[in-house]
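Take any residue in the sequence shown, count from 1 to its spot, add 31: that is its number in the working numbering. Glycine included, every Cβ here is placed at the ideal spot set by N, Cα and C. Since the structure comes first, as C-alpha cells, the remarks are kept for the end.
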Amino acid sequence: MSLVAGSYEKFIWGFKLKTLKSQSETKTLTLTPLFSYPSHLSTIKSVAVSGPVAVSGGSDDSIKIYDLSTASEIGTLNNHSGSITSLSFFTPPSLSFPRNLFSASDDGTLCIYDADPFVHLKTVKVHKKGVNDLAVHPSGRLALTVGRDSCLAMVNLVRGRRSFSCKMWKEASIVKYDESGEKFFMVEDEKVSVHEAEDAKLILELDNRKRVLCATLGSLVGGDKRKVIRKFYVFQEVKFTLSQDEILLTGGEDRNITAWDTKSGKIAYCIKEAHSVRVKGLVVLSKSDIAASGDGFSHLVASASSDGVIRVWDIRMANQSEPNHLAEAKTKSRLTCLAGSSLRWVRILYGNHKLEKAVQMISRMWKWKKILDILGNAGLCLDFEVKRRPVVRGQCNQDWHSSQ
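Dropping the structure here:
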C-alpha cells in the first residue's frame, strides 16, 4: 500500500505501508518513507494515486507525474492557466494501470488526458469561476464538478463537453460518487447532501458539527464480523461479491473521523480526536489478509492533518472508547491533501484453461502471494500486490496465447 501527501511548503511525500514481524511473532504496521522533495514551485493542492502512478497538482498551474515503483518523477503536464484544485484517475476494474486522468483548475476548466502515455486530449470549460472539485462516474463516461460560481455541472467525457449545469443556493467544496454510480454526495461547509445520480433528487442530509474538509467512501464493518469484499474476479467471468453497507467517511475542523451510514443518515461510528488539529485528507485502504481458515479482512483508513501527521487506523476498532492508530508518520509539514492505493485485483478473461498455466502466467508478471479457491470448480481468486507495471500493455494476452 502506498500513500502520497502534498503540503503548503511545495513538498511531495511518499510512504509505503508495510507489515513488520517482531520477535514475539506479532505483526505491526509501519509507514516507510519512499521520497520527499519540493516537486512544485508553490503549494500542492491536490494528489491522486492509481496503481503504480501518482500525480500532484499545485498553485504553479502544473501537474507532476510520479512512478511509485521507482520513487521518481517522470513528467509534467502544463495545460491549465490556474491552480490545480482536483485530480482523479479512471481505472477500469480489469486493468492495473489507469486509463485516463482528469484535472480541474481555478481557471474553470477540466482537462482530459490519456494516462498511457500521458497525452492531453481535451479541455472543457465548465465553470465561470474556479472548479472546487470533480468526481468521475464509475463508468468513466461522465463527471460532476462543483465550482466557486455556486454551480453544479455535468461533463460528458465521451464527447468532451459540458452537458448540464445548475445554480445551487450555496457553494459546494466537495463532490463524490458512490461505488455504484447511483448516488452522489456534495459537501457544503458542515453539511453533506446525498442525491440520486439520475435526477439529482435530494435523498437526505448529514449534519456535521463543524466544517467538513475531506471525504471518502468506505464499507461498514459490523460487530458480527461479517466479511466485506469489494470485488473478486474469477474464471468464466464469474463475479463473487458479499453484501456490504456503504459509508461516507468525513474529516475536518472537528478533528474527528466520522463514518456516516448513507442509507439512514446516522453516524455509524466516530474516531474522536483522531488528530490534534483539523483533518485534511482521508484514504480507505483495504488489504485482504485471508488465512487458511478464510477468516477476516483488515480495513484500514489513513488520515492526514494540517500539522503534518499521517496516521493509519483499523476501522474495526472504531467502536472502542479510545482507539489507537496502527502506524504514524510525522512530516513536520503543513499537509493539504492525501491519496493512496491498495492491492490490485486482476481479472482473468480466459475460461476453460488449466490452473497451472494461469499460475505460470501470473507469476511471470507479478510477485503473487496466494491463490484461494472460493467457488470450487467455478473459479478462483488471485490476491497480490502490484510490484511493477508490465512492459507492454496487453502482455497478459500475449503471454497466455504463447503458453498454449
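- Lys363 and Ile302 have their C-alpha atoms some 23 Å from each other.
- Val206 and Thr61 have their C-alpha atoms roughly 31 Å apart.
- Straight across, the Cα-Cα distance linking Thr176 with Ala333 is about 25 Å.
- Cβ contact annotation for Leu173 (same chain, cutoff 7 Å, sequence separation greater than five): Met185, Val186, Asn187, Leu188, in chain order.
- Rounded to the nearest angstrom, the Cβ distance from Leu132 to Tyr144 is 4 Å, consistent with a contact under 8 Å.
- With a cutoff of 7 Å on beta-carbon distance, Leu72 and Asp98 are scored as not near each other.
- Counting other Cβ atoms within 10 Å of its Cβ, Gly178 reaches 16 or more and is therefore classed as buried.
- C-alpha of Ala228 to C-alpha of Gly212: approximately 7 Å in a straight line.
- Non-local beta-carbon contacts of Ser295 in its own chain, meaning distances under 6 Å to residues more than five positions away in sequence, are absent.
- Met185 sits in a strand when the DSSP states are folded into three classes.
- Of the candidates Val315, Ala299, Glu353, Glu353 places its Cα closest to the Cα of His306.
- If you look at Lys222, you'll find it in the beta strand (DSSP E) that goes 222 to 227.
- Contact check between the region 112 to 119 and the region 147 to 156: fewer than three CB pairs, one atom from each, fall below 8 Å, which does not count as touching.
- Inter-residue distance for Gly45 and Ile94 is about 16 Å (C-alpha atoms, whole angstroms).
- Counting only the Cα atoms, Arg190 lies some 42 Å from Asp338.
- For Val315, the CB contacts under 6 Å within the same chain, skipping 5 residues up- and downstream, are Thr247, Gly249, Val332 in chain order.
- Closest in C-alpha terms to Ser194, from the list Leu48, Gly82, Val225, Leu183, comes Leu183.
- Taking 3 residues as the minimum length, the beta strand (DSSP E) runs contained wholly in the region 36 to 83 are 42 to 52, 58 to 69, 75 to 81, in order along the chain.
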